[in-house]
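Letter 39 of the sequence shown, counting from 1, is numbered 78 in our numbering, and no numbers are missing. Worksheet: one structure, shown below.
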Amino acid sequence: MKFTTLAIRTWRFFSMIAVFGISIYSYSLFSADVGVHFDAFGKADEFIGKSDVFYILVALIVANNVLFPALGRQLIKLPSHLLPIPNQTEWAAQRDDLNEHIQNWIFSLVAMINTIIAMTVFVLATVNNEFTFKIGDFEGLFYLVVILLLIIVLALPIRLMMKPKVEEL
40 MKFTTLAIRT WRFFSMIAVF GISIYSYSLF SADVGVHFDA FGKADEFIGK
90 SDVFYILVAL IVANNVLFPA LGRQLIKLPS HLLPIPNQTE WAAQRDDLNE
140 HIQNWIFSLV AMINTIIAMT VFVLATVNNE FTFKIGDFEG LFYLVVILLL
190 IIVLALPIRL MMKPKVEEL
């Protein structure tokens, strides 16, 4: 197993634990009504119920951890000529490497979404319980999430534009 594959699988595993743990922890902190929109002064002005937040979280977690990996398994089964990738003939000859890149990409996307959900729920619980943090303290998180998602989304197309490494026996 390559180091990148091990690192991505480890990240995915720990992101699943984090998203479940933080969701349970945050659920215990939420009051009956959870503020989901904040005004210019950082005060909540729109609320939804605690149980609604829980059901939305469960739906997101299940969809992310079940549907995306299932999509990845189906992509791996497709013949090489049906995949919209550059250098198709070279990648068809190195199908195992191509499958590993696709699976790593799907798993890293799943891990990133788990991480985003965990951070979002933690921030929501933090600002709703009026700790020392206010909603304005987390403004930079949006830019971090966008940059990380762009890196992950663009990583596979950039890697597939390069020709596969041919292993010499």
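The beta-carbon is built from N, C-alpha and C at its ideal position, and this holds for glycine as well.
Contact under 9 Å by Cβ, residue i with residue j
i, j, result
"Ile-145", "Phe-107", "yes"
"Gly-74", "Asn-167", "yes"
"Trp-130", "Ser-147", "no"
"Pro-203", "Asp-136", "yes"
"Asp-78", "Asp-84", "yes"
"Leu-183", "Val-162", "no"
"Val-192", "Val-58", "no"
"Asn-153", "Arg-51", "yes"
"Ile-141", "Leu-99", "no"
"Leu-188", "Ile-155", "yes"
Proximity winner among the options, relative to residue i (alpha-carbon distances)
i, options, result
"Tyr-66", "Leu-195, Met-201, Ala-157", "Ala-157"
"Thr-165", "Phe-53, Ser-54, Lys-82", "Lys-82"
"Leu-110", "Ile-95, Asn-138, Leu-188", "Asn-138"
"Val-101", "Gly-88, Leu-188, Val-149, Met-201", "Val-149"
"Phe-80", "Pro-123, Asp-176, Met-200, Phe-42", "Asp-176"
"Asn-103", "Ser-54, Leu-45, Gln-133, Pro-123", "Ser-54"
"Ser-62", "Ala-46, Phe-42, Ala-132, Ile-95", "Ile-95"
Status (buried if at least 16 other CB within 10 Å, exposed otherwise) for residue i
i, result
"Met-40", "exposed"
"Val-105", "exposed"
"Met-151", "buried"
"Leu-208", "With a pLDDT of only 49 at Leu-208, under 50, the local geometry of the prediction cannot be trusted, and the value read off the model is given with reservation. Under this definition Leu-208 is an exposed residue."
"Ile-87", "exposed"
"Phe-69", "buried"
Length of the line joining the Cα atoms of residue i and residue j
i, j, result
"Ala-194", "Ser-90", "37 Å"
"Tyr-64", "Ile-186", "27 Å"
"Thr-128", "Leu-121", "12 Å"
"Asn-126", "Glu-178", "41 Å"
"Val-92", "Leu-117", "37 Å"
"Arg-198", "Val-97", "33 Å"
"Pro-123", "Asn-143", "17 Å"
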